[in-house]
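Worksheet for the structure shown next.
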Amino acid sequence: MRCTILIVVLLFIGCAKNKKNVYLQEQQISLAQPRVNVTSTIIDSSVVATANLDMENVDIYYTNDGTKPNQKSLMYNTPLKIKEQGNYKFRAFHPDWKPSAVTKLKLYKKGYRPNKIDWETNITTTYPGIGEATVVNQKKGSLNFRDKQWFGSDSIVKATVNFKEKTYVESMIIGYLVDTKSWIFSPSQVILCFSKTDSITINLEKLKAKDLRELNDIEIRINKTIDSINITVVNTIELPEWHPGKGSKAWLFMDEWIFN
Amino acid sequence: MSRRKFLKQSSCATLGLLTFPVYSSAFSFNDSKDVIVGHNSHKYKVNLNWGNLNPSQTPVNDCHEMVQDSKGRIVLLTNHVKNNVIIYDKSGKLIETWGTEYPGAHGLTLVKENGTDFLLITDYERHQIIKTTIDGKVVFTIDCPLETGKYNSKDEFKPTETTVVANGDIYVADGYGKQHIIHYNDKGELLNVFGGQGKADGQFLNAHGICYDDRDKKNPSLLVSARELNQLKRFDLKGQFIEKIDVPGALICRPVIHKKDLYFAVLRSKNALNPDSGFILIMNENNEVVSCPGATSPSYKNYKLKELYQTIRLFQHPHDVCIDDDENMYVAQWNSGRTYPIKLTRI
């Protein structure tokens with residue numbers, strides 16, 4: 002008799018299992034990326050960064066060394082006062098949902114501000130930014146290309162940057178936007194000329210990802226004492242095969258030239 | 518493995534159940550749990566498998582809008598011309614399909630006339646509104662209202678939505694066109710035009726959806742979503758502006774009334790890092806947002822709603838919701854990789 006009851010109970014449980022659960026289970030769908038805001042991405046003395054994903058039981062972890070955050074990384078609790086430049090990464094975690102993608106925040110040390118900039122390019126384009134000083138006003142742009150901190154051009158950009166006096170320049174950072182859907186691509190080449198015989202040419206790799214919208218930069222080592230640099234930045238001349246505008250010129254959007 | 522899962526599995530092992538594979542699986546439903554989305558009075562379980570069909574036989578492009586007909590069936594409108602209309606039962610089983618001539622099929626409204634169901638389809642590529650029977654026979658079409666003097670050519674008319682009021686009059690939202698609301702009688706004859714493009718009270722940026730609000734029986738009105746403005750606007754039936762309701766951060770598609778509540782698919786979160794950042798929004802009869810499945814919990818400070826945004830990547834671009842007679846919700850999505858609708862089961 003006991004044996005019969007046991008079999009009936011087990012059969013009942015077995016049948017219950019056969020009714021397939023159709024509902025979404027925990028850890029199947031990801032969280033959205035945390036929203037990260039910062040008072041400035043160029044650090045003079047310090048900046049304050051906040052990270053938020055306004056949802057119950059969410060924890061945000063972050064790193065300041067460029068590695069992908071996990072639940073052993075630093076936990077974000079209150080706004081961060083940051084003095085050091087670097088790559089900060091934030092990621093959200095929750096017991097029911099898969100961890101979010103990473104929100105990146107790159108912070109730059111304030112550079113040496115040029116005294117004067119002589120443009121060889123016509124800067125009165127559709128996207129002139131705030132005018133001649135857009136790329137040296139020590140303000141970075143947002144992901145929105147209509148932001149006035151972006152200077153946009155669909156042809157080669159040339160200018161000479163003059164410092165007040167001879168200065169030891171370790172490196173130059175060119176900040177640019179990639180927004181492939183808006184036809185905005187990375188530069189293809191950068192040439193820094195210090196004299197008729199002294200120059201640095203950097204060729205950038207073509208974009209591999211198709212649907213990309215991000216802030217990016219290139220840092221070029223200089224290590225010279227100079228009072229001026231002639232800078233040429235070449236846009237992507239032809240949009241690639243996969244792009245709806247293939248063969249046409251790409252736009253180049255730059256927000257800042259930082260001289261360290 | 519989480520600590521909780523580990524403890525569950527080890528307790529099963531202690532009982533010897535893991536060595537008895539058939540019956541140990543009976544307990545595996547404990548390994549995970551159904552997740553819940555939404556807030557306060559409106560919470561749901563999520564069924565991503567509802568209505569999934571064989572795409573080689575019954576394909577969809579964008580799933581634009583859905584309604585429940587008088588027989589309780591769920592009617593989906595897609596811009597795939599192999600089968601513009603797909604009719605399901607509430608369990609997600611396919612009943613029938615029809616429609617091959619609506620490349621810009623966008624708005625779908627159920628019209629009940631003396632106990633008979635009809636549909637109003639807006640097609641922004643055909644620049645037309647088409648009234649059909651529930652099985653797809655065309656009753657009449659409405660073309661660009663050139664006689665209003667607001668349009669230079671019929672191509673400027675890109676209607677996105679219709680609504681039908683108590684006396685049978687039809688209002689059309691030209692949401693992808695010149696942002697006018699056009700008022701017709703039940704035969705499709707022009708009566709009035711109002712709205713237009715702009716940010717002023719009576720104007721719209723993307724007048725994407727319209728609905729007839731008769732929750733207050735004495736003062737029936739029209740609700741129009743101004744999607745790019747993140748606002749819902751109320752008008753009287755003559756087109757006079759009454760009020761606007763801010764929904765910061767939410768690009769709301771058409772308003773859908775079910776009983777006393779108002780439901781919206783939200784196409785995107787305004788300031789999201791990812792474009793596919795939609796969610797669902799539910800407002801009570803006092804115009805207060807009470808639940809946002811897939812997004813931040815609605816909260817007010819000094820009577821102002823805090824910016825809403827997507828918190829989980831469950832929805833891509835929700836475009837419409839349909840609430841059935843069991844209070845469950847169906848979510849049709851635009852640009853989501855040709856997925857079929859998602860069903861949310863109210864708990």
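Listed in order, the protein sequences are those of chains H and Y. Mapping of the first sequence onto our numbering: residues 2 to 261, in sequence order. Mapping of the second sequence onto our numbering: residues 518 to 864, in sequence order. Quick reminder that beta carbons are idealized off the backbone N, C-alpha and C, glycines included.
- Cβ-Cβ separation between residue 842 of chain Y and residue 585 of chain Y: approximately 7 Å, consistent with a contact (criterion under 8 Å).
- The beta carbon of residue 138 of chain H is closer than 6 Å to none in its chain, skipping five residues each way along the sequence.
- Here the alpha carbons of residue 820 of chain Y and residue 618 of chain Y stand approximately 47 Å from one another.
- Look at residue 813 of chain Y: its C-beta is under 8 Å from a C-beta on chain H.
- Between residue 42 of chain H and residue 108 of chain H, the beta carbon gap of about 6 Å places them in contact (Cβ cut-off 8 Å).
- By the Cβ rule, the region 619-628 of chain Y does not count as touching the region 663-671 of chain Y, because fewer than three pairs are nearer than 8 Å.
- Remark: C-beta atoms of residue 796 of chain Y and residue 835 of chain Y approach each other more closely than 8 Å.
- Residue contact check for residue 183 of chain H against chain Y: no CB pair falls below 8 Å.
- In this structure, the CA atom of residue 89 of chain H is about 57 Å from the CA atom of residue 649 of chain Y.
- Residue 212 of chain H and residue 791 of chain Y have their C-alpha atoms spaced approximately 11 Å apart.
- For residue 700 of chain Y, the beta-bridge partners assigned by DSSP are Y:688, Y:709.
- Using beta-carbon distances, residue 76 of chain H does not count as an interface residue toward chain Y, since no partner is under 8 Å.
- In the three-state DSSP reduction, residue 137 of chain H falls in the helix class (H, G or I).
- Of all residues in the region 830-843 of chain Y, only 830, 831 place a beta-carbon less than 7 Å from a beta-carbon of chain H.
- Within the region 170-203 of chain H, the residues whose Cβ lies closer than 9 Å to some Cβ of chain Y are 182, listed in chain order.
- Beyond the five residues adjoining it in sequence on each side, residue 243 of chain H comes within less than 6 Å, by CB distance, of 211 in the same chain, given in chain order.
- Here residue 748 of chain Y is buried, its C-beta having at least 16 other C-beta atoms within 10 Å.
- The contact set of residue 562 of chain Y on chain H, defined by CB atoms closer than 8 Å, consists of 24, 25 in chain order.
- The beta carbon of residue 707 of chain Y sits closer than 8 Å to the beta carbons of 662, 664, 665, 699, 700, 701 from its chain, once the five residues preceding and following it are set aside; these are given in chain order.
- Put simply, the backbone Cα of residue 647 of chain Y is about 11 Å away from that of residue 676 of chain Y.
- For residue 97 of chain H, the nearest CB of chain Y lies under 8 Å from its own CB, placing it at the interface with that chain.
- Counting other Cβ atoms within 10 Å of its Cβ, residue 683 of chain Y stays below 16 and is therefore classed as exposed.
- With its beta carbon less than 8 Å from one in chain H, residue 827 of chain Y belongs to the interface.
- By the neighbour-count criterion, in which a residue is buried when 16 or more other Cβ atoms sit within 10 angstroms of its Cβ, residue 799 of chain Y is buried.
- Listed along chain Y, the residues sitting closer than 7 Å to residue 54 of chain H by beta-carbon distance are 828.
- For residue 644 of chain Y, no pairing in a beta bridge is given by DSSP.
- Here residue 183 of chain H carries a helix assignment [DSSP, helix/strand/coil].
- Around the beta carbon of residue 237 of chain H, a 10 Å sphere encloses 16 or more other beta carbons of the protein chains shown; the residue is thus reported as buried.
- The beta carbon of residue 204 of chain H sits closer than 8 Å to the beta carbons of 189, 190 from its chain, once the five residues preceding and following it are set aside; these are given in chain order.
- The C-beta separation of residue 810 of chain Y from residue 554 of chain Y comes to about 4 Å, placing the pair in contact by the 8 Å criterion.
- For residue 225 of chain H, the enclosing beta strand (DSSP E) has its first and last residue at 214-235.
- DSSP places residue 630 of chain Y within a strand segment (E or B) once states are collapsed to three.
- Here residue 777 of chain Y is not near residue 761 of chain Y, since their CB atoms are 8 Å or more apart.
- Between residue 33 of chain H and residue 61 of chain H a beta carbon distance of about 12 Å is seen, past the 8 Å cut, so the two are scored as non-contacting.
- Per DSSP, residue 781 of chain Y is one residue of the beta strand (DSSP E) stretching across 778-786.
- DSSP places residue 51 of chain H within a strand segment (E or B) once states are collapsed to three.
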